[in-house]
Amino acid sequence: KMAAADWDEVKRLAADFQRAQLSSSAQRLSERNLIEIVNVLVESKLVEVVYTTDGREYLTPQQVIKEIRDELYLHGGRVNLVELQQLINIDLSHVENKAAEVVRTDKDVELVLGQLIDRTYLDSLAEEVNDLLQENGQVTIGQMTKQYDLPSDFLMEAVLERLGTTIQGQSDPYDKGVIFTDTFVKMHMAQIRGIFSAITRPTPVGNIMNKYGFAEKLFYTVLEQLVSEGQLAGSITGGRQDKALYVPDIYNKTQMKWVDNFYSQNGYLEWDTLRRLGISDPQPYVKKRFKSASLVFLPSCCVGPALLSQVEASIEDAVTSATWVDVQTLLPPSFNDADCTQLLQQVLKGRGMGTHRVFQGSVVASDKFIDTCRGYFDELMKQKAEKDSKSSTMLLFVEEGSRKPPIVPDLPALEDMAAGGKGGKKDERRKKAAE
Numbered sequence: 083k084m085a086a087a088d089w090d091e092v093k094r095l096a097a098d099f100q101r102a103q104l105s106s107s108a109q110r111l112s113e114r115n116l117i118e119i120v121n122v123l124v125e126s127k128l129v130e131v132v133y134t135t136d137g138r139e140y141l142t143p144q145q146v147i148k149e150i151r152d153e154l155y156l157h158g159g160r161v162n163l164v165e166l167q168q169l170i171n172i173d174l175s176h177v178e179n180k181a182a183e184v185v186r187t188d189k190d191v192e193l194v195l196g197q198l199i200d201r202t203y204l205d206s207l208a209e210e211v212n213d214l215l216q217e218n219g220q221v222t223i224g225q226m227t228k229q230y231d232l233p234s235d236f237l238m239e240a241v242l243e244r245l246g247t248t249i250q251g252q253s254d255p256y257d258k259g260v261i262f263t264d265t266f267v268k269m270h271m272a273q274i275r276g277i278f279s280a281i282t283r284p285t286p287v288g289n290i291m292n293k294y295g296f297a298e299k300l301f302y303t304v305l306e307q308l309v310s311e312g313q314l315a316g317s318i319t320g321g322r323q324d325k326a327l328y329v330p331d332i333y334n335k336t337q338m339k340w341v342d343n344f345y346s347q348n349g350y351l352e353w354d355t356l357r358r359l360g361i362s363d364p365q366p367y368v369k370k371r372f373k374s375a376s377l378v379f380l381p382s383c384c385v386g387p388a389l390l391s392q393v394e395a396s397i398e399d400a401v402t403s404a405t406w407v408d409v410q411t412l413l414p415p416s417f418n419d420a421d422c423t424q425l426l427q428q429v430l431k432g433r434g435m436g437t438h439r440v441f442q443g444s445v446v447a448s449d450k451f452i453d454t455c456r457g458y459f460d461e462l463m464k465q466k467a468e469k470d471s472k473s474s475t476m477l478l479f480v481e482e483g484s485r486k487p488p489i490v491p492d493l494p495a496l497e498d499m500a501a502g503g504k505g506g507k508k509d510e511r512r513k514k515a516a517e
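Using the working numbering, the letters of the sequence shown correspond one by one to residues 83 to 517.
Below you can see the structure in the form of structure tokens.
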């Protein structure tokens, strides 16, 4: 720091300098003398000055700061440091140093991307944003970033700080970068409530949004709010995605009523039918819907106790009455072979129904019935056996052979065998010639 005596000396020199400037030309110092005096003061560190770029003027640091503040005010609270350098006509490094000092000493001034911005500019910017918001109903930080050429984080902080005061609107809770007016939100809320109140079946949410041109972020926010508050009787599945569905409660009620009526009347439910009703995963749905019912789950359907008891009674009656039954005829036409086989296994499992046999996966016959049927074929088999025995030469040969002794051919005499085969043949030829 400068001592008091030194400061008094500076004041005295300044007074002398001023008197010299105001004196007549005969007593006035030349420009060269003044430069020499200032250089001496600077070298002696009795005074600090900033030279202009042309070297014709000196500025004290306090004057530089004052001119920076003046230019900031004249530019409406926003000025570029490069532009300040040209206006004040000093080196850019001095401008940067003094601008940083201004920011340190004044909390209402910020340095953003090489620009000095004060609170008055941000207040005027907020007023412009509010005018744009009231005109369009919504505005985004992205739009403001392009329009004002400022960082999005900086703008968002400034806008949210003035939201509800200078800026009459509200931000999207899921995206702070989107601002809406209260009127805009109420208008969209009324439109969305009206559209979705008229829906009676599951509908992709994205289709409604695209058809009516709703803003995506506001659309999902309002729709979720209406559902959570009970203003819309329905639910949303899939979250904020393209595959999200809105399912009205009236559809669920109609769906459940149809399922209950069909099951109570028929005793079974088909998976394909439930899928056509909009139940994408029917088995868990049925398990949850009919927790207390003893259902049998088959490949293409499920069967309740009523139909199961009917099949069981028919099988038991067939076994006890020594007859047979085809289970396929007792089931609805939609049941396939796999359903029938699995259902039959379930019915016969662990139940004492007497001895029986299963044919073709669906026919159940008692052993007594099979024995009775076999008796009808005894006479026929006997007749068939007799007929076959008479018509078959092999059987005749076997039969005759069993009644007659075996025929043994005559053996030749020992002498003939000794004479050889040729001698025997000559004797035969002689006998025939003599005859």
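Think of the CB as a built atom: it goes at the ideal place given N, C-alpha and C, for glycine as much as any other residue.
- The three-state reading of DSSP puts glycine 259 in strand, counting E and B together.
- Rounded to whole angstroms, glycine 320 and methionine 271 show a C-alpha spacing of 21 Å.
- If the five residues before and after alanine 182 are omitted, its C-beta is found closer than 6 Å to no C-beta atom of its own chain.
- One thing to note: valine 184 has its Cβ no nearer than 7 Å to the Cβ of leucine 163.
- Excluding the 5 residues flanking it on each side, glutamine 428 has same chain C-beta neighbours closer than 7 Å at Val378, in chain order.
- In the displayed model, leucine 308 falls within a helix according to three-state DSSP.
- Shown here, phenylalanine 296 sits in coil according to DSSP, grouped into three states, outside any helix or strand.
- Residues Ile170 of the same chain have their beta carbon placed closer than 6 Å to that of glutamate 149, with the five preceding and five following residues left out of the count.
- Around the beta-carbon of aspartate 254, 16 or more other beta-carbon atoms lie within 10 Å, marking it buried.
- In its chain, beyond the 5 residues on either side, Ile223, Lys258, Gly259 have a beta carbon closer than 8 Å to the beta carbon of methionine 238.
- Straight through space, the alpha carbons of isoleucine 332 and valine 385 are spaced by roughly 27 Å.
- Beta bridge pairing from DSSP links cysteine 384 with Leu351, Phe379.
- Looking from the CA of glutamine 392, the closest CA among Leu426, Asp363, Ile361, Ala404 belongs to Leu426.
- Setting aside the 5 residues that flank it on each side, glycine 251 is surrounded in the same chain by Leu215, Ile261, Phe262, Thr263, each with a C-beta closer than 6 Å to its C-beta; the list follows chain order.
- With respect to the C-alpha of glutamine 347, the residue from Leu198, Leu389, Gln229 having the closest C-alpha is Leu389.
- Secondary structure at phenylalanine 459: coil, using DSSP grouped into helix, strand and coil.
- According to the DSSP secondary-structure assignment, threonine 319 is paired through a beta bridge with Leu327.
- Taking 7 Å as the cut-off, the Cβ atoms of alanine 447 and arginine 456 do not count as close.
- Contact between the segment 153-162 and the segment 194-206 is present: three or more C-beta pairs spanning the two stretches fall below 8 Å.
- Between valine 287 and the set Gly295, Phe266, Ala326, Lys293, the nearest pair of CA atoms involves Ala326.
- Beyond the five residues adjoining it in sequence on each side, asparagine 212 comes within less than 8 Å, by CB distance, of Thr248, Ile249, Gln250, Gly251 in the same chain, given in chain order.
- A contact between stretches requires three or more CB pairs, one per stretch, nearer than 8 Å, and the segment 398-410 fails this requirement with the segment 365-383.
- No Cβ-Cβ contact shorter than 7 Å links proline 233 with isoleucine 281.
- For serine 448, the enclosing beta strand (DSSP E) stretches over residues 445-448.
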